[in-house]
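Read the structure below first, then the notes.
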Amino acid sequence: MAYWLMKSEPDAFSIDDLERVGIEPWDGIRNYQVRNMIRDEMKPGDRAFFYHSNTKVPGIVGIMDIVSEARPDPTAFDPDAKYYDPKSDPDKPRWLLVDVKYVRHTQRVIPLPELKADPALEEMPLVRRGNRLSIMPVTEDQWEHILSLEDPD
DNA sequence: GCCAACGTTGGC
DNA sequence: GCCAACGTTGGC
232 MAYWLMKSEP
242 DAFSIDDLER
252 VGIEPWDGIR
262 NYQVRNMIRD
272 EMKPGDRAFF
282 YHSNTKVPGI
292 VGIMDIVSEA
302 RPDPTAFDPD
312 AKYYDPKSDP
322 DKPRWLLVDV
332 KYVRHTQRVI
342 PLPELKADPA
352 LEEMPLVRRG
362 NRLSIMPVTE
372 DQWEHILSLE
382 DPD
């Protein structure tokens with residue numbers, strides 16, 4: 232079982248939205264490195280942090296389960312979709328998604344500056360300069376460490 | 001295959 | 001809203 236961190240802008244899709252719907256196709260991935268990771272390494276049963284990006288307080292806000300294999304992202308075929316890609320052919324899909332399932336909110340938002348300041352997390356791509364991956368792997372040690380930050384005492 | 005221009009991400 | 005970083009596009 233592997234661990235991940237997945238970013239979403241809460242204005243587009245938030246942890247509260249995920250709680251409401253339960254299971255959601257994580258669509259809109261348009262980066263080859265991320266696509267290859269979900270295709271080759273992500274498996275049902277893996278667990279992920281939900282991260283709010285591009286918002287007033289960016290940070291980790293919840294936990295979810297990966298509940299599907301990677302499968303074609305139908306929004307790539309939809310001319311009206313925000314992430315429509317005319318080069319993605321339904322017979323040979325270029326973009327993939329996985330389904331994610333709500334587990335719970337974290338006990339508090341764990342803000343990015345706190346993650347950045349933590350020596351135990353300095354290897355995380357999230358806190359490294361210039362990183363732009365919307366999905367990234369988290370080691371088991373990092374996962375456990377972040378969980379230990381939930382309770383500020 | 002090079003690389004300038006352009007678009008996107010995302011913190012601040 | 002600004003802008004650094006970086007991926008993609010397309011002319012050559």
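Each residue of the first sequence is one higher than the one before, counting from 232 in the numbering used here.
Glycine included, each C-beta is placed from N, C-alpha and C at the ideal position.
Let me know the secondary structure DSSP gives residue i once reduced to three states.
i    : result
W257 : coil
F281 : strand
T337 : strand
Using alpha carbons as the reference points, say which of the options lies closest to residue i.
i    : options          : result
E371 : Y314, A279, I291 : A279
K287 : I260, P344, Y315 : P344
R360 : P368, A351, K347 : K347
Have a look at residue i and residue j and give me their C-alpha separation to the nearest angstrom.
i    : j    : result
I297 : V329 : 7 Å
S299 : R363 : 24 Å
I232 : D277 : For the record, residue 232 in the displayed sequence is Met; it is not Ile. M232 and D277: Cα-Cα distance of roughly 5 Å.
P350 : L380 : 13 Å
G293 : I246 : 6 Å
Rounded C-beta distance between residue i and residue j? I'm assuming under 8 Å.
i    : j    : result
Y333 : M295 : 6 Å
R261 : Y314 : 6 Å
Does the region 294–314 touch the region 325–337, meaning 3 or more C-beta pairs lie closer than 8 Å?
yes
Does the structure place the region 281–295 close enough to the region 235–253 that three or more beta carbon pairs sit under 8 Å?
yes
For the region 349–358 against the region 312–320, are there 3 or more C-beta pairs whose distance is under 8 Å?
no
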